[in-house]
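Colleague:
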Amino acid sequence: MSIAVITIDGPTASGKGTVASLVARTLGYHYLDSGALYRLTAYKALKHGVDLADEPALEKLARELEPIFREGKIELDGEDVTRAIRAEEVGVAASKVAALTAVRSALLQVQKSARKAPGLVADGRDMGSVIFPDATLKVFLTASAEARAQRRFNQLKEKGIVANIGTLAQDLRERDRRDTERAVSPLAPAPEAKILDSSDMTIEETVAQVLAWYREATEKRSH
Ligand code: DC
Numbered sequence: 038m039s040i041a042v043i044t045i046d047g048p049t050a051s052g053k054g055t056v057a058s059l060v061a062r063t064l065g066y067h068y069l070d071s072g073a074l075y076r077l078t079a080y081k082a083l084k085h086g087v088d089l090a091d092e093p094a095l096e097k098l099a100r101e102l103e104p105i106f107r108e109g110k111i112e113l114d115g116e117d118v119t120r121a122i123r124a125e126e127v128g129v130a131a132s133k134v135a136a137l138t139a140v141r142s143a144l145l146q147v148q149k150s151a152r153k154a155p156g157l158v159a160d161g162r163d164m165g166s167v168i169f170p171d172a173t174l175k176v177f178l179t180a181s182a183e184a185r186a187q188r189r190f191n192q193l194k195e196k197g198i199v200a201n202i203g204t205l206a207q208d209l210r211e212r213d214r215r216d217t218e219r220a221v222s223p224l225a226p227a228p229e230a231k232i233l234d235s236s237d238m239t240i241e242e243t244v245a246q247v248l249a250w251y252r253e254a255t256e257k258r259s260h
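Each step along the sequence shown adds one to the number in the numbering used here, with nothing skipped, and position 193 is 230.
#1: Would you say the beta carbon of Thr239 is closer than 6 Å to some non-hydrogen atom of the ligand DC?
#2: For Arg185 versus Leu209, is the C-beta distance shorter than 7 Å?
#3: Going along the chain, which residues of its own chain have a beta-carbon closer than 7 Å to the beta-carbon of Val56, five neighbours each way excluded?
#4: From what residue to what residue does the alpha helix (DSSP H) around Gly128 run?
#5: Can you round the beta-carbon distance between Gly54 and Asp171 to whole angstroms, since I take them to be within the 8 Å contact cut?
#6: State the DSSP-derived secondary structure class of Thr204, mapped to helix, strand or coil.
#7: Less than 6 Å between the CB of Arg162 and some heavy atom of the ligand DC, yes or no?
#8: Could you tell me the distance, in whole angstroms, from the CA atom of Leu144 to the CA atom of Leu74?
#9: For the alpha helix (DSSP H) containing Ala41, list its first residue and its last residue.
#10: What are the start and end residues of the beta strand (DSSP E) that includes Thr179?
#11: Tell me which same chain residues have a C-beta within less than 7 Å of the C-beta of Lys110, skipping the five on either side of it?
#12: What is the residue span of the alpha helix (DSSP H) that Lys257 lies within?
#13: When we look at the beta-carbon of Thr204 and count the other beta-carbons within 10 Å, is it buried (16 or more) or exposed?
#14: Please list the terminal residues of the continuous beta strand (DSSP E) segment that includes Phe106.
#15: For Met164 and Ser71, which I take to be in contact (beta-carbon distance under 8 Å), what is that distance rounded to the nearest angstrom?
#16: Contact between the stretch 128-143 and the stretch 72-92 is defined here as three or more beta-carbon pairs at a separation below 8 Å; is this criterion met?
#17: Mind listing, in chain order, the continuous alpha helix (DSSP H) runs of no fewer than 4 residues lying wholly within the stretch 45-99?
#18: How many Å lie between Ala61 and Trp250 at the Cα?
#19: Report the three-state DSSP secondary structure of Leu157 (helix, strand or coil).
#20: For the ligand DC, is there a heavy atom less than 6 Å away from the beta-carbon of Gly52?
#21: Find the nearest neighbour of Leu95 within the set Ile202, Pro228, Leu137, judged by alpha-carbon distance.
#22: Can you give me the C-alpha to C-alpha distance between Gln146 and Ala99, rounded to a whole angstrom?
And the structure:
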């Protein structure tokens, strides 16, 4: 029997990362943060002054990427980049490099190889539609732009950063547009994905819903 996979795709700031890692922890499964791979590629490109439109150079960079994921931290070339890759500037650059076909194929294998026993929870944009089409459960997690802007505002406030909600919402819409309209692996729910709108849900409620769907899906498979 193939190794179980739960995919959680959705737009930026929908809470996928938090939900996916909590689901993984509850089940004792591995966790793949696929967005981090695009962020790492973008981070390295920015650091080395690689043009974000130079597809061959970015492909090479993505192919040779050797990040170490350990205890919630991410190391790249001996540097702890856990926080650095979350910067807004890196997020914007990531959505640009993610639109390049060659970069996406260069990152294919590393994503597929994250599927290890006893199971995997993977979050991103195309986990259910492209990378793990045979996933046990596919979830598409959304929330209104306003709810997502509010969440990001709160996160930044916790870090002591003052932001403008209107600007944040505008920025989220812009990034959604780029992720949704790109030609290759655009952000879209897989046909059989369960849509979960978390605008009015807490993290705990969202995690509980995913776990309930997963239980249903595994029971169905075992019958
Ligand atoms: O989930 P995130 O914000 O960390 O992702 C950063 C960027 O990477 C996002 O703008 C879209 C892209 N991405 C993608 O194209 N495919 C994925 N599976 C994950 C992320």
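The beta-carbon is built from N, C-alpha and C at its ideal position, and this holds for glycine as well. In this text, all values refer to a predicted model and were calculated from it rather than measured experimentally.
Modeller: Per the coordinate set shown:
#1: In the sequence shown, counting from the first residue as 1, residue 239 sits at position 202. It does not: the Cβ of Thr239 is nowhere closer than 6 Å to a heavy atom of the ligand DC.
#2: To locate residue 185, count along the sequence shown from 1; it is residue 148. To locate residue 209, count along the sequence shown from 1; it is residue 172. With respect to Leu209, Arg185 sits close: the two C-beta atoms are nearer than 7 Å.
#3: One-based indexing of the sequence shown puts residue 56 at position 19. Here the set comprises Ile45, Leu178, Ile240, Thr243, Val244, Val247.
#4: Reading the sequence shown from its first residue, position 91 is the one you call residue 128. Run containing Gly128: 125-134, per the alpha helix (DSSP H) assignment.
#5: By one-based count along the sequence shown, residue 54 stands at place 17. By one-based count along the sequence shown, residue 171 stands at place 134. So it is not a contact: roughly 23 Å between Cβ atoms.
#6: The residue given as residue 204 occupies position 167 in the sequence shown. The answer is helix: DSSP assigns Thr204 an H, G or I state.
#7: Here residue 162 refers to the residue found at position 125 when the sequence shown is read from its first residue. At least one heavy atom of the ligand DC sits closer than 6 Å to the Cβ of Arg162.
#8: Here residue 144 corresponds to residue number 107 of the sequence shown, with the count starting at 1. Here residue 74 corresponds to residue number 37 of the sequence shown, with the count starting at 1. Spanning the two alpha carbons is a distance of roughly 7 Å.
#9: For the purposes of this step, residue 41 is taken as residue 4 along the sequence shown, with counting starting at 1. Not the alpha helix (DSSP H): Ala41 falls in the beta strand (DSSP E), residues 41-46.
#10: As a position in the sequence shown, residue 179 is number 142, starting the count at 1. Start and end: 174-179.
#11: Working through the sequence shown from its first residue, we reach residue 110 at position 73. Non-local beta-carbon contacts of Lys110 in its own chain, meaning distances under 7 Å to residues more than five positions away in sequence, involve Asp117, Thr119 in chain order.
#12: The residue you call residue 257 lines up with position 220 of the sequence shown. Where Lys257 is concerned, the enclosing alpha helix (DSSP H) stretches over 240-259.
#13: Sequence index remark: in the sequence shown, residue 204 carries index 167 (1-based). With fewer than 16 other Cβ atoms from the protein chains shown falling within 10 Å of its own Cβ, Thr204 counts as exposed.
#14: As a working mapping, residue 106 is identified with position 69 in the sequence shown. 105-107 is the extent of the beta strand (DSSP E) around Phe106.
#15: For the purposes of this step, residue 164 is taken as residue 127 along the sequence shown, with counting starting at 1. For the purposes of this step, residue 71 is taken as residue 34 along the sequence shown, with counting starting at 1. Their Cβ separation, rounded to whole angstroms, is 6 Å, which keeps Met164 and Ser71 in contact under 8 Å.
#16: Yes, the stretch 128-143 is in contact with the stretch 72-92.
#17: If we require 4 residues or more, the alpha helix (DSSP H) runs fully inside the stretch 45-99 come out as 53-64, 71-84.
#18: For the purposes of this step, residue 61 is taken as the residue at position 24 of the sequence shown. For the purposes of this step, residue 250 is taken as the residue at position 213 of the sequence shown. Rounded to the nearest whole angstrom, the CA to CA distance from Ala61 to Trp250 is 14 Å.
#19: As a working mapping, residue 157 is identified with position 120 in the sequence shown. Three-state result, Leu157: strand.
#20: To locate residue 52, count along the sequence shown from 1; it is residue 15. Outside the cutoff, so no.
#21: To locate residue 95, count along the sequence shown from 1; it is residue 58. Looking from the CA of Leu95, the closest CA among Ile202, Pro228, Leu137 belongs to Leu137.
#22: Counting from 1 along the sequence shown, the entry for residue 146 is found at position 109. Counting from 1 along the sequence shown, the entry for residue 99 is found at position 62. The alpha-carbon atoms of Gln146 and Ala99 are separated by roughly 11 Å.
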